[in-house]
Amino acid sequence: MGELTTLTIAEARDRLRAGDVSAVELTEACLAEIEAAGALNAFSVTTAEIARHRAEQADDRLRTDADAPAMCGIPIGIKDLFCTRGVASQAASRILDGFRPEYESTVTQKLHDAGAVMLGKLNMDEFAMGSSNETSTYGPVVNPWRAEGSNKDLTPGGSSGGSASAVAADLCLAATGTDTGGSIRQPAAFTGIVGLKPTYGRCSRWGIVAFASSLDQAGPMTKTVRDAAIMFGAMAGHDPKDSTSADMAVPDFEAALAGDIRGKTIGLPREYRMDGMPAEIDKLWSEGAEMLRDAGAKTVDISLPHTRYALPAYYVIAPAEASSNLARYDGVRYGFRAKLEKGDGITEMYERTRAQGFGPEVQRRVMIGTYVLSAGFYDAYYRRAQRVRTLIKRDFEEAFATGVDAILTPSTPSAAFGIGDMADADPVQMYLNDVFTVTVNLAGLPGISVPAGTDASGLPLGLQLIGRPWDEAGLLNTAQVLEQAAGFVSKPAKWW
Amino acid sequence: MLDLAYTDPAPKRISGATGDWELVIGLEVHAQVASKAKLFSGASTRFGAEPNSNVAFVDAAMPGMLPVINEFCIEQAVRTGLGLKAAINLRSAFDRKNYFYPDLPQGYQISQLYHPLVGEGEVLVDMEPGVARRVRIERIHVEQDAGKSIHDMDPNMSFVDLNRTGVALMEIVSRPDIRGPEEAAAYVVKLRQIMRYLGTCDGNMQNGNLRADVNVSVCRPGDYERYQATGDHSVLGTRCEIKNMNSMRFIQQAIEYEARRQIAILEDDGSVDQETRLFDPDRGETRTMRSKEEAHDYRYFPCPDLLPLEIEQDWVDAIRDNLPELPDAKKARFVLEFGLSEYDASVLTADVESAAFFEQVAEGRDGKMAANWVINELFGRLKKDDLDITASPVSPAQIGGIVDLIGKGDISGKIAKGLFEIVYTEGGEPAQIVEARGMRQVTDTGAIEAAVDAVIAANPAQVEKAQANPKLAGWFVGQVMKATGGKANPKAVNEIVSARLGL
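Sequence order for the protein chains is A and B. Numbering-wise, the numbering used here comes out as the position in the first sequence, counting from 1, plus 1. Numbering-wise, the numbering used here comes out as the position in the second sequence, counting from 1, plus 4.
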């Protein structure tokens, strides 16, 4: 049954509707693949019972409802950042040990309502803080890809590393991810899949464990652009429970995949050509531009002058919000509480619980965030970073105002690196992974990573397309043209 | 609006060993918004519920939960602002105030530091007839309340009740315009009165629905005027903040104590440390809660879960158009329309219910007489039974009925008091009671003349004395009243006695 798990959502949908395959068969196939893929450590929890039950319900629905949604019966994985009722939801952190919410996030509820089948929860960087999925309390996720002729374990990127690995290794047909600074797009690029970060406000944040509220967005991680369009349609929409969710109509994204980008203008930002960027990344970028030109688009050089300030601003704003968002994990009401000694008071309880419950990267960001918000430093860091954010947003607005429809950049400055390679590096080296992606979060724009080629050792590389606010439909259409022109069809050789 | 003229009260002065001192006081009043649901969740705000029963997921700060603004709470705050003649900011924003405490589940309070909903306003604080202090309001912001920590239920554990967590508060910040302990209490009373008129806060201090932080400093006579001229706060002395007081009496005691403490330090050549203090009602003193060095760094920043709050001028105008008549206007109207003294008007407008009661009694009747009856008879009687006007056993119509009977001359003032007591304790329609119990006063002059004649005939010696000394005529009046069971019209008796005695 192995080949069933390699289906795209679109293919599975068509076969489910045709009655060629059942949701239960698809689900069983995925569960078997997950069972056999322990070495990848992609799933933190498998919810086989829930999956089988929902698959049966989906089959019933497919039998009786000719208009069953496209996601009906599609087995997917859910990033552990999403709260799922009655199922461990720990944001891959020890501090949420044993936490089983009594509520379901809006996005997973919408997917459930559309008939999607949850296979389990996906490993990730702790609280979505990381670019290599090495900060998880569940241990690192392993990338199914390996460099040619090497047995070295590579990271799938992060923070949605479990989602990326699971989709790339065909453990599920698709997965949810979340993206605060690149956490969907970077792992998608590292694993040769598609990852969409929607416009801020397009998907409800309700029920998603918050990292940096003004930047967090949920999105689909899929095998194809078409699948991203299908799954995104089921995730998006206004939610009165999230004040930052936009009251905008959700178009039919799949229907927008017309495949025609003639006359479109694609911007190539000169500031994204970084010093020390590997030649093959630069080459891929040029090839991508060529492909879009071949498809009838026009490319123009544009300037996004404040790009170089984006990463520092991001690493002020995101930790600032995180330091406050993570204050609730105090051992008082739920999750982990450190053992106390006689005579210990509330201060000891806070200090030990948070010292033992949070890993080093989370502690580092909480400390940074606390520092940049503290009296005397607020203006120099937080306020200044917010000004930079405004300037970055304006850079994009000005580019779009000149008639640019989308912007093409590399997704990452390198291909996947080895697990542990960055262990002794300055944390800033790890943060540089986000250099092409954080601007998009700061500006609240939609961005998508499309697999576009491989590096010299055969590892996947991605290109990023950045769209106008709320124009995911146009963005997906351009992305699909790029996807087809790139013709990336490689799969990781199964070693696990 | 009708307005009365006022003069400023004299600031309180305290004589020290080195001369006189004056007080400078500013208040931050936390008023719980009268609303069924909390500021950012649908949980109930009902007081006295089982611990931790009015708690939504967002109140308990469960992971991934998000606040959604309760529009009604905003409307109440806008209404309060308008009632305090304050500017309403069409664009405001919420900020997070970060600190750790077990009764603060989020680890931050959502408040409004940088852009409050309500800007500058003013409150007229009545001290005595013709004397009132104008206290400027700096701002009102909307914020969530914390929960309650309970430390005295168990020797080893503390308990937390989150029922109050997330309830909407209005923090009303005054300028340092209050100049004495009595003014401070009167200011809180006036705020409470206005908010009760508006229906925006029930003002129940016992339940903690109205609390005040008091900032106190002392300065020399003349310093405050320098501050007024220059806006320079430094001439007002170093202030201390006394936290979380929930009684008018404590507010006054704490200010009095704190002022004397600061004066003692200054006169001993010391300097006052800026700090946060607590008032201990048992000892009647304030003590250090935390020094400036220990002050929390709240790390305020804009709450990223909430968009800036934008409201429409039309919406504000609609709220303004529907404001009730407020205490100052009502008081002025009572003075001008009913000819009441300012004092009586103040008493009657202390709360909406009393004012409404009075107006029903006064309708179509003599206002002063109505006021006398409501204040002296009804309020006095209610106070004796510790009853609120809303629990009055006597209705405005019943009091009006008594007033009417007096006006028509059917009963005397004295009988009316007896009648009031009957109506109060037994109920009933006053005119019917007078009829049924034969309480109508005798105005038939023939009957009175007969009674007078009888008394004169029976007391010739008294007649002689009275004719020599007319002051003694009152004795005859008393005898006639006695003979008629008190029902004779006293005025008629007086006249007939005088005529018959030839006075």
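Beta carbons are placed, not taken as given, at the ideal position from N, Cα and C, and that holds for glycine.
Residue 133(A) classed as buried or exposed, judged by whether at least 16 other C-beta atoms fall within 10 angstroms: Counting of Cβ neighbours within 10 angstroms places residue 133(A) among the buried residues, the total reaching 16 or more.
Segment contact flag, the region 173–180 of chain A with the region 140–157 of chain A, C-beta cutoff 8 Å, min 3 pairs: Judged by pairs of C-beta atoms under 8 Å, the region 173–180 of chain A does not touch the region 140–157 of chain A, as fewer than three such pairs exist.
Interface flag, residue 371(B) vs chain A, CB-CB below 8 Å: Taking Cβ atoms only, chain A never reaches closer than 8 Å to residue 371(B), which makes this a no.
Reduced DSSP secondary structure (H/G/I, E/B, other) of residue 256(B): Secondary structure of residue 256(B) (DSSP, three-state): helix.
Contact under 8 Å by Cβ, residue 129(A) with residue 166(A): The answer is no: Cβ separation not under 8 Å.
Where residue 398(A) falls: helix, strand or coil (DSSP): Residue 398(A) carries a helical assignment under DSSP once its states are collapsed to helix, strand and coil.
Pairwise C-alpha distance: residue 157(A) and residue 36(A): One C-alpha to the other measures close to 19 Å.
Reduced DSSP category for residue 184(A) - H, G, I as helix; E, B as strand; rest coil: Collapsing the DSSP output to three states places residue 184(A) in coil.
Helix, strand or coil at residue 145(B) [DSSP, three-state]: In this structure, residue 145(B) counts as strand in the three-state DSSP scheme.
Chain B within 8 Å of residue 2(A), Cβ atoms only: Reliability of the predicted coordinates at residue 2(A) is poor, the pLDDT of 43 falling under 50, and no value is obtained from them.
Local Cβ density within 10 Å of residue 67(B), reported as buried at 16 or more and exposed below that: With 16 or more other Cβ atoms within 10 Å, it is buried.
Option in 119(A), 406(A), 221(A) with minimal Cα separation from residue 451(A): It is 221(A) whose Cα lies nearest to the Cα of residue 451(A).
Per-residue burial, residue 3(A) [other beta carbons within 10 Å of its own, 16 or more giving buried]: Residue confidence for residue 3(A) is low, a pLDDT of 48 falling below 50, so the modelled location carries little weight; the figure read from the coordinates is stated next. Looking at its Cβ environment, which holds fewer than 16 other Cβ atoms inside 10 Å, residue 3(A) is exposed.
Cutoff 7 Å; reference residue 196(B); Cβ partners in own chain excluding five residues on either side: Within its own chain, the residues whose Cβ lies closer than 7 Å to the Cβ of residue 196(B), once the five positions on either side in sequence are excluded, are 207, 214, listed in chain order.
Residues from the region 97–120 of chain B in contact with chain A, defined by Cβ distance under 7 Å: Look at the region 97–120 of chain B: the residues with a C-beta under 7 Å from a C-beta of chain A are 100, 102, 104, 106, 109, 110, 111, 112.
Cβ-Cβ separation, residue 93(B) to residue 119(B) (assumed contact under 8 Å), whole Å: About 7 Å separates the two Cβ atoms, so the contact holds.
Contained alpha helix (DSSP H) runs [length at least 4] in the region 394–425 of chain B, N- to C-terminal order: Segments of the alpha helix (DSSP H) lying fully in the region 394–425 of chain B: 400–411.
Spatially closest choice to residue 136(B) from 11(B), 230(B), 251(B), 465(B), by CA coordinates: Ranking 11(B), 230(B), 251(B), 465(B) by Cα distance to residue 136(B) puts 11(B) first.
Within-8 Å CB hit, residue 68(B) to chain A: With 8 Å as the cut-off, residue 68(B) counts as an interface residue toward chain A.
Length of the line joining the Cα atoms of residue 363(B) and residue 351(B): Each residue's alpha carbon lies about 13 Å from the other.
Residue 161(B) classed as buried or exposed, judged by whether at least 16 other C-beta atoms fall within 10 angstroms: So residue 161(B) ends up on the exposed side.
Bridge partner(s) assigned by DSSP for residue 514(B): Beyond the ends of chain B as shown, which are 5 and 507, falls residue 514(B); an answer cannot be given.
Chain B residues whose Cβ lies nearer than 8 Å to that of residue 207(A): Listed along chain B, the residues sitting closer than 8 Å to residue 207(A) by beta-carbon distance are 68, 69, 70.
Best match in 264(A), 235(A), 231(A), 247(A) for proximity to residue 256(A) [C-alpha to C-alpha]: Out of 264(A), 235(A), 231(A), 247(A), 231(A) has the C-alpha closest to the C-alpha of residue 256(A).
Residues of the region 292–317 of chain B with Cβ closer than 7 Å to any Cβ of chain A, in chain order: Result list: 301, 303, 305, 308, 309, 310, 311.
Whole-Å CB distance - residue 481(A) paired with residue 264(A), under 8 Å assumed: In fact, because the Cβ distance is near 17 Å, the residues do not count as touching under 8 Å.
Short CB-CB distance (under 8 Å) between residue 228(A) and chain B: With respect to chain B, the C-beta atom of residue 228(A) has no partner C-beta closer than 8 Å.
C-beta neighbour in chain B for residue 211(A), strict 8 Å: At least one chain B Cβ lies under 8 Å of residue 211(A).
From 253(A), 227(A), 23(A), 79(A), residue whose alpha carbon lies closest to that of residue 238(A): Ranking the options by Cα distance to residue 238(A), first place goes to 253(A).
Proximal residues of chain B, C-beta to C-beta of residue 97(A) below 9 Å: 67, listed in chain order.
Pick from 71(A), 270(A), 214(A), 488(A) that is closest to residue 401(A), judged by C-alpha positions: The candidate whose alpha carbon is nearest that of residue 401(A) is 270(A).
Contact under 8 Å by Cβ, residue 1(A) with residue 52(A): Only positions 2 to 497 of chain A appear in the structure, and residue 1(A) is not among them; the question remains open.
Residue 486(A) versus residue 355(A): straight-line alpha-carbon distance, rounded: Going from the Cα of residue 486(A) to the Cα of residue 355(A) covers about 49 Å.
Beta carbon proximity, residue 127(A) to chain B, threshold 8 Å: Judged by the 8 Å Cβ criterion, residue 127(A) is not in contact with chain B.
Whole-angstrom distance between residue 376(B) and residue 489(B), CA atom to CA atom: Residue 489(B) and residue 376(B): Cα-Cα distance of roughly 26 Å.
Helix, strand or coil at residue 334(B) according to DSSP, with G and I counted as helix: Annotated three-state conformation of residue 334(B) is helix, per DSSP.
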